[in-house]
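Below is one structure, written out as structure tokens; comments come after it.
2 protein chains.
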Amino acid sequence: MPDAATYSTDALENIVRDIFLRAGLSAQQAGPVAAVIVAGERDNCKSHGIYRIEGCLRTLAAGKVQPRAVPVLAEDDGTAVVRVDARGGFSPAAFALGAPVLAERAHKLGVAALVINDCTHFSALWPEIEALTARGLAAMAMCPSYSSVAPSGGTAPLLGTNPFAFGWPRGEGHPYVFDFATSVVARGEIELHRRAGKPLPEGWAIDSDGRPTTDPDAALAGAMLPFGGHKGSAISTMIELLAGCMIGDMTSDAALDYLGTTAILPHHGELILAFSPARFAAGRPGDPFARAEAFLGAISGQGARLPSQRRFAARARVAAEGIHLNADEVALLERLRDPGGSV
Amino acid sequence: MPDAATYSTDALENIVRDIFLRAGLSAQQAGPVAAVIVAGERDNCKSHGIYRIEGCLRTLAAGKVQPRAVPVLAEDDGTAVVRVDARGGFSPAAFALGAPVLAERAHKLGVAALVINDCTHFSALWPEIEALTARGLAAMAMCPSYSSVAPSGGTAPLLGTNPFAFGWPRGEGHPYVFDFATSVVARGEIELHRRAGKPLPEGWAIDSDGRPTTDPDAALAGAMLPFGGHKGSAISTMIELLAGCMIGDMTSDAALDYLGTTAILPHHGELILAFSPARFAAGRPGDPFARAEAFLGAISGQGARLPSQRRFAARARVAAEGIHLNADEVALLERLRDPGGSV
Numbered sequence: 001m002p003d004a005a006t007y008s009t010d011a012l013e014n015i016v017r018d019i020f021l022r023a024g025l026s027a028q029q030a031g032p033v034a035a036v037i038v039a040g041e042r043d044n045c046k047s048h049g050i051y052r053i054e055g056c057l058r059t060l061a062a063g064k065v066q067p068r069a070v071p072v073l074a075e076d077d078g079t080a081v082v083r084v085d086a087r088g089g090f091s092p093a094a095f096a097l098g099a100p101v102l103a104e105r106a107h108k109l110g111v112a113a114l115v116i117n118d119c120t121h122f123s124a125l126w127p128e129i130e131a132l133t134a135r136g137l138a139a140m141a142m143c144p145s146y147s148s149v150a151p152s153g154g155t156a157p158l159l160g161t162n163p164f165a166f167g168w169p170r171g172e173g174h175p176y177v178f179d180f181a182t183s184v185v186a187r188g189e190i191e192l193h194r195r196a197g198k199p200l201p202e203g204w205a206i207d208s209d210g211r212p213t214t215d216p217d218a219a220l221a222g223a224m225l226p227f228g229g230h231k232g233s234a235i236s237t238m239i240e241l242l243a244g245c246m247i248g249d250m251t252s253d254a255a256l257d258y259l260g261t262t263a264i265l266p267h268h269g270e271l272i273l274a275f276s277p278a279r280f281a282a283g284r285p286g287d288p289f290a291r292a293e294a295f296l297g298a299i300s301g302q303g304a305r306l307p308s309q310r311r312f313a314a315r316a317r318v319a320a321e322g323i324h325l326n327a328d329e330v331a332l333l334e335r336l337r338d339p340g341g342s343v
Numbered sequence: 001m002p003d004a005a006t007y008s009t010d011a012l013e014n015i016v017r018d019i020f021l022r023a024g025l026s027a028q029q030a031g032p033v034a035a036v037i038v039a040g041e042r043d044n045c046k047s048h049g050i051y052r053i054e055g056c057l058r059t060l061a062a063g064k065v066q067p068r069a070v071p072v073l074a075e076d077d078g079t080a081v082v083r084v085d086a087r088g089g090f091s092p093a094a095f096a097l098g099a100p101v102l103a104e105r106a107h108k109l110g111v112a113a114l115v116i117n118d119c120t121h122f123s124a125l126w127p128e129i130e131a132l133t134a135r136g137l138a139a140m141a142m143c144p145s146y147s148s149v150a151p152s153g154g155t156a157p158l159l160g161t162n163p164f165a166f167g168w169p170r171g172e173g174h175p176y177v178f179d180f181a182t183s184v185v186a187r188g189e190i191e192l193h194r195r196a197g198k199p200l201p202e203g204w205a206i207d208s209d210g211r212p213t214t215d216p217d218a219a220l221a222g223a224m225l226p227f228g229g230h231k232g233s234a235i236s237t238m239i240e241l242l243a244g245c246m247i248g249d250m251t252s253d254a255a256l257d258y259l260g261t262t263a264i265l266p267h268h269g270e271l272i273l274a275f276s277p278a279r280f281a282a283g284r285p286g287d288p289f290a291r292a293e294a295f296l297g298a299i300s301g302q303g304a305r306l307p308s309q310r311r312f313a314a315r316a317r318v319a320a321e322g323i324h325l326n327a328d329e330v331a332l333l334e335r336l337r338d339p340g341g342s343v
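Following this line, the structure appears as structure tokens:
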């Protein structure tokens, strides 16, 4: 058993990239995948950190992702829509290709959209949001996942946990960023309650007959519920329509039908909108960024925490101290680096 | 005291328009204002129906809205952003001017935005959403209001009740439309509990010390809470940033400062996004509208109600039977038609 260890972000990214290269991913796929996984680990988002590597490899073993896919950027058709066909590869490589074009289009037109089609999606959305706020843009991102959430008033899984994310640039400081599932909680929370033998809080889930339940087993056999009742359900439905139907890609029920399991990563598309505040505010009084600082300052001034503050604090710690992995995590990495080895 | 009465939509619209014309509104202002008020009454949205007339007149009497404002459409600057300066008038006249240009721009570019600046806002957002779905577009609309909601984790009013609305076109049928406040409830609900002497449900409000309260008086002196906890709070914050700071218009706290009261209508801007599903889905397999029908059918098939179904049912009743107003409502209209009269 290896000891706990500390890595620089670059060093850990090299290790993770190497695992994916050995698993058969092209450099174009492996680099962006490793970058988002290490960003999650760096920000202490454990659910999107190195824990994700095995899910990616399982999806690869199931033949449901193309490890050497070359994403294709569609020719500029004179619209505000930038399209990247991921060709069955992972979403981060497709986003890396499309993001600079989206940014250029949004700066030019004020608002523009990036559509990613035909990708395997496993990443949090905030790394994409932050890539755009770093270019002076506000951004909104959304995608389906696979059916595990009942619509408000419904009885069975249909919606995905459909994440919704938004960001606003704050100059040299960390951006304002939120990124959340439109279910009350992530499925993993229900699994944790099951393992701990604890009942669920009310309002999280329904059983397979569509009745409210606090029993984790009944919930896992039934459906999760959307956050915020009918309002959250409506937002999740909007995500299915815009980032599924509208972009000509799978809704969450189609994604589940295609995979037949929630044990591997979902395959669908994604929609990202980028806005240029400088363009929108042109000719209006005041600087939009300065006015936003005053507004966000009024939130913090009440003692309310802005979203993502915990992530940014973790990031600052890592910049000073490196990324700490415990012995189990180091063992996981060693096993994944050398699947046939003796560790 | 007059009797209860029944009106055709056109007849009621003429009465309401006439009230506004006599109050000094120009025809350009009065027509769209009357249309959205009667649309609310027709759909049995009483809170946005003829009840709103007096608030509009109070705002006029306070000198906070320009009754003869001529909204100005900015010259096409080659971007995806359509701008209408409402010149201090009501939002419906500005929307009426901008909507056809927004629709044309969205059909051309795939996605486009309409910014309305410097308007007095009192309308629900769904009439605007439905004007765009009728043109084959999906649409999203949002605006600030005035500070009455504390951010999640905060202690005092800062956010508005900030409505968020979305629509998807469904061919000849009624569109999929939602339109909701990002507070748990509208302020009027708290007022109704106060009058009835009933405690509030938990989670609706905090008192002026920032502590949770179920006392309506304490809530009215304190702040409402956002729907869905930190997630709803994040969406409301996004609305302040995009439809306030970004478009160079007032945030909810600036709007309250400007008016000094919540007894008249708020003055700020609005952001509307329009999407062409036909453009977005071009070249992808399947028809986006047919796929959306299958998806929305799966929601209804579970027995879950789609948003706005109650409104559409009321609209169908009115088409058959006309708009019924009770004796008090008829008296209100007669008094407003002839403020110096004997009724």
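Here the protein sequences line up with chains H and R, keeping their order. Everything in the first sequence is counted per the UniProt record's numbering, starting at 1 for the first residue and increasing by one. Everything in the second sequence is counted per the UniProt record's numbering, starting at 1 for the first residue and increasing by one. Yeah, the Cβ is synthetic: ideal placement off N, Cα and C, and Gly gets one too.
Item: CB contact below 8 Å: Ala234 of chain H versus chain R; Value: yes
Item: Neighbour list for Pro339 of chain H in chain R, Cβ cutoff strictly below 8 Å; Value: Per Cβ cutoff of 8 Å: no residues; Pro339 of chain H is ~37 Å from chain R at best.
Item: Interface residues of chain R facing Gln309 of chain H [CB-CB closer than 7 Å]; Value: The contacting residues do not exist; Gln309 of chain H stays about 11 Å from chain R at best.
Item: Distance cut-off 7 Å: Ala93 of chain R Cβ against heavy atoms of the ligand FMN; Value: Absence of the ligand FMN from the depicted structure is noted, as is the absence of any ligand whatsoever, leaving it without description.
Item: Contact with chain H by Cys45 of chain R, beta-carbon distance below 8 Å; Value: no
Item: C-alpha gap between Ala103 of chain H and Ala94 of chain H, whole angstroms; Value: 14 Å
Item: Residue-chain proximity (Gln302 of chain R, chain H), Cβ-Cβ < 8 Å; Value: yes
Item: Below-8 Å beta-carbon distance, Phe95 of chain H vs any chain R residue; Value: no
Item: Rounded distance between the beta-carbons of Gly154 of chain H and Ala113 of chain R, thought under 8 Å; Value: About 33 Å; that fails the 8 Å criterion.
Item: Beta-carbon proximity list for Gly222 of chain R, same chain, < 7 Å, skipping 5 on both sides; Value: Ala205, Ile206, Asp207, Ser208, Thr213
Item: 8 Å Cβ cutoff, Pro151 of chain H in contact with chain R; Value: yes
Item: Near-chain R residues of the segment 239-253 of chain H - C-beta to any C-beta below 8 Å; Value: Glu240, Leu241, Leu242, Gly244, Cys245, Met246, Ile247, Gly248, Asp249, Thr251, Asp253
Item: Under 8 Å between C-beta atoms of Ala35 of chain H and Pro71 of chain H; Value: no
Item: Nearest residue (CA-CA) to Asp43 of chain R, options R:Met142, R:Gly297, R:Leu336, R:Arg317; Value: R:Arg317
Item: Local conformation of Ala113 of chain H per DSSP, three classes; Value: strand
Item: N- and C-terminal bounds of the beta strand (DSSP E) containing Tyr7 of chain H; Value: 5-7
Item: Identity of the residue in H:Asn162, H:Ile129, H:Val38, H:Arg135 nearest Ser148 of chain H by Cα; Value: H:Asn162
Item: Where Ser47 of chain R falls, given that 16 or more other Cβ within 10 Å makes a residue buried; Value: exposed
Item: Three-state secondary structure (DSSP) of Val343 of chain R; Value: Since pLDDT at Val343 of chain R reaches only 43, below the 50 mark, its modelled position is unreliable, and the value read off the structure follows with that caveat. Coil, per DSSP.
Item: Extent of the continuous beta strand (DSSP E) to which Leu333 of chain R belongs; Value: Where Leu333 of chain R is concerned, there is no enclosing beta strand (DSSP E), although the alpha helix (DSSP H) it sits in stretches over 327-337.
Item: Cross-chain neighbours of Pro288 of chain H in chain R, by beta carbon under 7 Å; Value: Cys245, Met246, Gly248
Item: Limits of the alpha helix (DSSP H) - the one that His121 of chain H falls within; Value: First-last for His121 of chain H: undefined, no H or E at that position.
Item: Ala80 of chain H - DSSP class collapsed to helix/strand/coil; Value: coil
Item: Minimum Cβ-Cβ distance from Pro285 of chain R to chain H less than 8 Å; Value: yes
Item: As assigned by DSSP and simplified to three states, the class of Phe20 of chain H; Value: helix
Item: Gly98 of chain R - DSSP class collapsed to helix/strand/coil; Value: helix
Item: Per-residue burial, Thr6 of chain H [other beta carbons within 10 Å of its own, 16 or more giving buried]; Value: exposed
Item: Delimiting residues of the alpha helix (DSSP H) encompassing Asp179 of chain R; Value: Asp179 of chain R -> not in any alpha helix (DSSP H); beta strand (DSSP E) instead, spanning 176-181.
Item: Assigned exposure category for Arg22 of chain H - 16 Cβ within 10 Å defines buried; Value: exposed
Item: Helix, strand or coil at Gly229 of chain H [DSSP, three-state]; Value: helix
Item: Where the beta strand (DSSP E) through Pro163 of chain R begins and ends; Value: 163-168
Item: 9 Å Cβ cut-off: residues of chain H touching Asn117 of chain R; Value: Arg284
Item: Secondary structure of Leu132 of chain R, DSSP reduced to three states; Value: helix
Item: Any chain H beta carbon closer than 8 Å to Val185 of chain R; Value: no
Item: DSSP three-state assignment for Thr251 of chain R, whether helix, strand or coil; Value: coil
Item: Whole-Å CB distance - His174 of chain R paired with Phe312 of chain R, under 8 Å assumed; Value: 5 Å
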